[in-house]
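In this note's numbering, the protein residues as written are 27 to 304.
Every residue gets a Cβ at the ideal spot worked out from N, C-alpha and C, and that includes glycine.
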Amino acid sequence: MITIENGYRISIMLTEACNLRCSHCYMSANAKGKTLSKEEIDNMIDNLPINCLRISITGGEPYMCKDKLYYILKKIKQKFAGKMPEVRVETNGMFFYHDDNMVIKEIENLINMGVTTLRLSDDEFHQQGGLDIQKLRNIEKVVKENNLNIVVSTLFQDKAVAFGRAKALNNEKLDKKTCLNRKESLIIPYFYTTINGDVSTCAWKCAPALGNCFKNSWEEIVDNLNSPLQTAIINSDILEVANIVSKGDKKKFEYLKSIIETKGQCMACKEMFKGVYE
Ligand code: SF4
Ligand code: SF4
């Protein structure tokens, strides 16, 4: 029986819109994506469990809707007053990386709104998508030089999994990806929301949703982790997922098993489920 005793880690997609065009983008983001409304933000944050350990605000690019970014951060600060979780903003930094003063001003804004971690991406995919890598790297330098009280965590990727725009990448840039769930996911699952409120434990939003955080309570959502399919997903046991999906059809099972072995677990999921961004 899976229960959440240790606390929640939740990644909230604030917007699907982005100002970059990274070739590895699993969601094929562009400038026109949907953004959560203020009512949806209210609904989402009001209903969050109180024992959240980490809340990440992601996109797309959250600064594409700066007013909503500030709004959701203030809502989180109000709700968790006195017992703040780690609050991360995952951004490409382009809206404030132009000079040191802009960086300082914006980071101070974020700190005042309760942000503890800035998550940046420093890789060729983002550079080719339109990011100025030197300006991006300068953010961390400015934070250090000015003793700003925020953690800068930088993600580097040189390969991607073939979802969304990444389907068009050359083979050497594609990863035979294993599930992003880990054994510790059973103890503290990472939940990812889509722009429509669906909640999944799959970072690519490919596996079936556990529920919808606009319509279901988090208790109901977590309860659904106990279905054999969702337990196998959170346990990163994709062979068992294939077994469940095959429903005794040996030929189908062997086919899915061969995809796991040759193309990786994520591509097997892609074959089994129609992902949100496929
Ligand atoms: S910055 Fe992120 S969301 Fe935007 S295009 Fe690149 S990978 Fe996609
Ligand atoms: S696509 Fe499947 S294997 Fe990949 S992260 Fe999602 S659940 Fe795990």
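Whole-number beta carbon distance between residue j and residue i, since they are thought to touch under 8 angstroms
i	j	result
residue 151	residue 52	Not confirmed; about 11 angstroms, so no contact.
residue 216	residue 227	7 angstroms
residue 195	residue 284	Actually they do not touch by this definition, with Cβ atoms about 22 angstroms apart.
residue 258	residue 286	So it is not a contact: roughly 13 angstroms between Cβ atoms.
residue 225	residue 236	5 angstroms
residue 28	residue 252	5 angstroms
CA-to-CA distance, residue j to residue i, given in whole angstroms
i	j	result
residue 208	residue 128	38 angstroms
residue 81	residue 113	5 angstroms
residue 240	residue 37	15 angstroms
residue 393	residue 139	The chain is shown only over 27 to 304; residue 393 falls outside these bounds and no answer can be derived.
residue 111	residue 221	22 angstroms
residue 262	residue 126	43 angstroms
residue 266	residue 260	11 angstroms
residue 234	residue 117	26 angstroms
residue 46	residue 167	23 angstroms
residue 39	residue 202	25 angstroms
residue 72	residue 78	13 angstroms
residue 32	residue 231	23 angstroms
residue 179	residue 93	24 angstroms
residue 86	residue 219	13 angstroms
residue 186	residue 64	33 angstroms
residue 121	residue 109	30 angstroms
residue 162	residue 103	27 angstroms
residue 244	residue 223	12 angstroms
residue 145	residue 84	9 angstroms
residue 301	residue 192	14 angstroms
residue 171	residue 61	34 angstroms
Residue i: CB within 8 angstroms of a non-hydrogen atom of ligand 1
i	result
residue 86	yes
residue 151	yes
residue 91	no
residue 62	no
residue 155	yes
residue 147	yes
Exposure of residue i, with buried meaning 16 or more beta-carbon neighbours within 10 Å
i	result
residue 197	exposed
residue 147	buried
residue 181	exposed
residue 107	exposed
residue 177	exposed
residue 88	buried
residue 4	No statement about residue 4 is possible, as the shown extent of the chain runs from 27 to 304 and does not include it.
residue 160	exposed
residue 67	buried
residue 76	exposed
residue 242	buried
residue 149	buried
residue 296	buried
Any non-hydrogen atom of ligand 2 closer than 8 angstroms to residue i Cβ
i	result
residue 291	yes
residue 296	yes
residue 232	yes
residue 251	no
residue 187	yes
N- and C-terminal bounds of the beta strand (DSSP E) containing residue i
i	result
residue 224	224 to 226
residue 37	34 to 39
residue 181	177 to 181
residue 81	78 to 84
residue 255	Run containing residue 255: none in the beta strand (DSSP E); it sits in the alpha helix (DSSP H), 254 to 260.
residue 144	143 to 147
Span of the alpha helix (DSSP H), counted from its first residue to its last, around residue i
i	result
residue 295	291 to 298
residue 98	92 to 105
residue 113	Taken as a continuous stretch (DSSP letters only), residue 113 belongs to no alpha helix (DSSP H), being part of the beta strand (DSSP E) at 112 to 116.
residue 163	159 to 171
residue 272	264 to 272
residue 151	150 to 154
residue 248	244 to 249
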